[in-house]
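Asks:
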Amino acid sequence: MSRPLAVFAYDFDGTLARGNMQEHAFIPDELGMNHADFWRETQALAEAQRGDGILAYMHLMLEKAREKGLELTLDSWRKRGAALRLFPGVEEWFARQNARAAARGLDLRHFIISSGNRELIEGSPIAHEFERIYASAFMFNAAQEAVGPALAINYTSKTQYLFRINKWTLNEWDNDGINAVQADRDRAVPFERIAFFGDGLTDIPVMRVMTDHGGHPVAVYDPERPITEAAAARLLADGRARLAAGGDYREGSELDTLAAELLSQMGRGVRAELFA
Numbered sequence: 279m280s281r282p283l284a285v286f287a288y289d290f291d292g293t294l295a296r297g298n299m300q301e302h303a304f305i306p307d308e309l310g311m312n313h314a315d316f317w318r319e320t321q322a323l324a325e326a327q328r329g330d331g332i333l334a335y336m337h338l339m340l341e342k343a344r345e346k347g348l349e350l351t352l353d354s355w356r357k358r359g360a361a362l363r364l365f366p367g368v369e370e371w372f373a374r375q376n377a378r379a380a381a382r383g384l385d386l387r388h389f390i391i392s393s394g395n396r397e398l399i400e401g402s403p404i405a406h407e408f409e410r411i412y413a414s415a416f417m418f419n420a421a422q423e424a425v426g427p428a429l430a431i432n433y434t435s436k437t438q439y440l441f442r443i444n445k446w447t448l449n450e451w452d453n454d455g456i457n458a459v460q461a462d463r464d465r466a467v468p469f470e471r472i473a474f475f476g477d478g479l480t481d482i483p484v485m486r487v488m489t490d491h492g493g494h495p496v497a498v499y500d501p502e503r504p505i506t507e508a509a510a511a512r513l514l515a516d517g518r519a520r521l522a523a524g525g526d527y528r529e530g531s532e533l534d535t536l537a538a539e540l541l542s543q544m545g546r547g548v549r550a551e552l553f554a
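FYI, our numbering numbers position 75 of the sequence shown as 353, with every residue one higher than the one before it.
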């Protein structure tokens with residue numbers, strides 16, 4: 279008999295790694311720009327076009343990369359992802375949580391739900407840990423060169439991916455499946471067995487959905503940046519997040535202990551259902 283599914287879903291920037299992924303190497307090293315200038319230009323473009331900020335940053339990444347004569351192939355973007363600097367313990371985190379989940383009778387799967395670049399995440403050392411990487415993505419031509427945005431995930435569109443996970447309708451393009459009527463009892467992963475780890479304003483709608491549906495929203499902050507801890511405290515105070523911990527994923531850390539308790543709670547819920 280297969281074990282019931284449980285899910286840990288994560289934002290990426292500020293949650294699994296410090297800052298924005300484009301700032302790790304691409305903006306300063308390849309574009310030769312100050313990251314604050316890049317984001318100011320992104321905001322100005324979005325305002326001028328009355329457009330989406332995610333589409334604006336993706337457009338600027340490609341425009342400025344072309345101006346610099348940078349390689350734009352899928353492989354080159356994934357190679358850039360190898361430079362992403364993760365929080366301590368992230369690489370070892372997944373196997374430990376999977377083992378804990380199995381001991382509690384659960385089949386734990388991991389997902390990314392991020393406004394960052396899918397191609398960069400696919401090149402990171404943890405890409406293989408995820409069932410799906412839901413993130414903003416480029417469109418590629420026949421030569422596998424990025425030509426424009428294919429998928430933009432902003433702070434509100436993130437919420438649809440919770441329901442894709444909930445119903446196990448995982449393909450981004452499957453509109454029929456995600457909109458089909460399905461009773462809660464028939465859904466693959468009830469929200470009570472989903473935890474979402476996020477860091478800030480772009481995760482508020484996701485956290486609200488999680489809270490409203492009985493899920494487990496967790497605020498993660500950078501222990502080296504007090505402003506992010508204050509943001510996590512605000513998420514707790516406002517009822518957006520239910521739990522908070524620093525971005526230390528090593529065994530025995532506060533976040534690790536919190537994850538273990540979440541898995542125990544999910545396991546108890548499954549056993550209660552069996553004997554109801």
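C-beta: ideal position from N, C-alpha, C; glycine also.
Count the other C-beta atoms from every protein chain shown that fall within 10 angstroms of the C-beta of Q422, then say buried if there are 16 or more, exposed otherwise.
Replies: exposed
Asks: Between the Cα of Y433 and those of M336, G426 and G478, spot the shortest distance and give me the residue it belongs to.
Replies: G478
Asks: Spell out a yes or no on whether the segment 453-464 and the segment 518-531 are touching, meaning 3 or more CB-CB pairs, one atom from each, closer than 8 Å.
Replies: no
Asks: Just to confirm the assignment: which complete beta strand (DSSP E) runs, minimum length 3, are found wholly within the segment 469-525?
Replies: 472-476, 494-499 and 521-524
Asks: Report back the beta-carbon spacing between V548 and P306 to the nearest angstrom; my notes put them in contact at under 8 Å.
Replies: Between P306 and V548 the Cβ distance is about 47 Å, and since that is not below 8 Å, they are no contact.
Asks: Out of F389, A511 and A373, which has the shortest C-alpha to C-alpha gap to K436?
Replies: It is F389 whose Cα lies nearest to the Cα of K436.
Asks: Less than 6 Å between C-beta atoms, sequence neighbours within five positions excluded: which residues of the same chain meet that for W371?
Replies: Y527
Asks: Is the segment 375-391 close to the segment 312-323, with three or more CB pairs under 8 Å?
Replies: no
Asks: So is E539 buried or exposed if we call it buried at 16+ other beta carbons inside 10 Å?
Replies: exposed
Asks: Where does the unbroken alpha helix (DSSP H) through S354 begin, and where does it stop?
Replies: L352 to G359
Asks: Mind checking which residues open and close the beta strand (DSSP E) that includes H388?
Replies: That run of the beta strand (DSSP E) goes D385 to N395.
Asks: Exposed or buried, which one is R396 when buried takes at least 16 other CB atoms within 10 Å?
Replies: buried
Asks: Taking three-plus beta-carbon pairs below 8 Å as touching, is the segment 348-357 in contact with the segment 509-524?
Replies: no
Asks: Short check: CB of A295 to CB of F408, under 8 Å?
Replies: no
Asks: Would you list the residues sitting across from M417 in a DSSP beta bridge?
Replies: G426
Asks: Shortest alpha-carbon distance to F304 belongs to which of D454, L323 and A361?
Replies: Of D454, L323 and A361, the residue nearest in Cα terms is A361.
Asks: Hey, would you say M299 sits closer than 8 Å to G367, going by beta carbons?
Replies: The Cβ-Cβ distance between M299 and G367 does not fall below 8 Å.
Asks: For T489 versus P483, is the C-beta distance shorter than 8 Å?
Replies: no
Asks: For P504, is the classification buried or exposed, using 16 other Cβ atoms within 10 angstroms of its Cβ as the cut-off for buried?
Replies: exposed
Asks: Less than 8 Å separating the beta-carbons of G493 and T293?
Replies: no
Asks: Taking one C-beta from the segment 331-348 and one from the segment 397-417 each time, how about it: are there three or more such pairs within less than 8 Å?
Replies: yes
Asks: Can you check whether the CB of Q375 is closer than 8 Å to the CB of A537?
Replies: yes
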